[in-house]
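Written below as structure tokens is the structure these notes are about.
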Amino acid sequence: CLENNIYCNCGTLGMVEEYGKALKLKGTGSSKISIRINPGEGAGHSKKTNTGGPYSKHGIWYQNLDEVKRIANEYGLTISGVHMHIGSGGDMEHLKRITGKLVEFAKQFEEVETVNFGGGLPYQYNPDLQQEDITGYKTILEERAKLLKDHFGRDIICEIEPGRRFVAGCGTLIGEVRSLNHTFDEEGKRIDYVLTNVGFCHLLRPMAYGSFHPIWFDGDNLGPEQDLIVAGPVCESGDVLTQKDEEPVARKLPLPNPRDCIVIGGAGAYGHVMSSNYNSQPLIPEVMVDGDQCVQTRSRQTLDDILREEVG
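Counting in the working numbering, the sequence shown runs from 11 upward without gaps.
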């Protein structure tokens, strides 16, 4: 950071001290840093995406800010920014409360120039449920900016990280039904599976978080709706697209046939970036649609591409 003049956001006391020691040793560079604060609570659609509170590894615990000041004074550092990110999946009332907390934390550092409230804007993946209105968040941020200006006597830059809310609905994953299968549980109840060529190597969120994604089938002879578990081609039984609380769960869907199309919504966030070559599956092609124009932005990986990475 010092060598390349990169503004550093420190998420632990140790990082603050490490930066201070490096600055002292180098003798030149910016003394300004930002700190990420853990406000003591978080929000997430699963525990794995909750990035605040006692069980989150992220951020300096809010009760340790006096120690931040001590380290900053020892090494001549300026805390010019404060930041938090509590996770994605909260609601507007929670965001209102937690942003108020960060304002109070920021007031403890008189040289603050920037306050980053992080992300957390809710996004509803289920098309049958209403998308939460976030227009009120603008009012919340304006109120926070005024509180900061009243305290510091100057304008403070207020930042947010709204990424998932903006892009989650911009991606659709399209694949193919390959086969149907069924088993019976201990009580003799039949369990029906739809096996597709879309796995967690393409969309990790259902397996990693138990996340809901809307699923549709497209075919000429779809059957009546019934309870179906939709799964992928990967070798693990956890490779299931219909999950709840990180467990496979059946969903009422029309029964497709092999070679029918499967369409998965909400794949615009944490889709491409979390895809992998697990089981030597190729990375899939991507197409950008703009009105009536379609442009391929990534080609499908070939077997040669995969082997080149595996054997050098």
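Cβ atoms here follow ideal geometry from the backbone N, Cα and C, with glycine treated the same way.
- For F115, the enclosing alpha helix (DSSP H) stretches over residues M102 to A116.
- For D270, the secondary structure class from DSSP, reduced to helix, strand or coil, is coil.
- Secondary structure of H68 (DSSP, three-state): coil.
- As the crow flies, the alpha-carbon of G198 is around 23 Å from that of P264.
- Between the C-alpha atoms of E28 and V208 there is a straight-line separation of about 44 Å.
- When only Cα atoms are considered, R80 and T88 end up about 11 Å apart.
- Here S189 is exposed. Its C-beta has fewer than 16 other C-beta atoms within 10 Å.
- A residue is called buried when at least 16 other Cβ atoms come within 10 angstroms of its Cβ; S290 does not meet this threshold and is exposed.
- Annotation: G24 to P224 spans about 43 Å, alpha carbon to alpha carbon.
- If you draw a straight line from the Cα of S90 to the Cα of F162, it comes to about 13 Å.
- Spatial neighbours of C180 in its own chain (CB-CB distance under 6 Å, excluding positions within 5 residues in sequence) are listed in chain order as G278.
- Between F194 and I184, the gap from beta carbon to beta carbon reaches 8 Å or more.
- Distance from the CA atom of I70 to the CA atom of I45, rounded to whole angstroms, is 8 Å.
- Annotation: the continuous beta strand (DSSP E) that includes L238 extends over E235 to A241.
- By the criterion of at least three beta-carbon pairs nearer than 8 Å, the segment 294-308 is not in contact with the segment 250-262.
- Going by C-alpha positions, P172 is about 12 Å away from I96.
- For D202, the pairing in a beta bridge is given by DSSP as H192.
- Under the three-state reduction of DSSP, H95 is assigned to coil, being neither helix nor strand.
- Burial is judged here by how many other beta carbons sit within 10 angstroms of a residue's own beta carbon; D249 has at least 16 and is buried.
- A Cβ-Cβ separation of about 11 Å leaves G86 out of contact with S40 under the 8 Å criterion.
- The segment 234-243 and the segment 145-164 do not touch, with fewer than three beta-carbon pairs separated by less than 8 Å.
- A residue is called buried once 16 or more other Cβ atoms fall within 10 Å of its Cβ, and N14, having fewer, is exposed.
- Rounded to the nearest whole angstrom, the C-alpha separation of Y288 and R175 is 28 Å.
- Non-local C-beta neighbours of Q140 in its own chain, meaning closer than 8 Å and more than five positions away in sequence, comprise Q134, ordered along the chain.
- Residue state for R80 is assigned as helix, using DSSP reduced to three classes.
- C20 counts as buried, since no fewer than 16 other beta carbons sit within 10 angstroms of its beta carbon.
- By the neighbour-count criterion, in which 16 or more other beta carbons inside 10 Å mark a residue as buried, L213 falls on the buried side.
- Of the residues assessed, C18 falls on the buried side of the cut-off, its CB having 16 or more other CB atoms within 10 angstroms.
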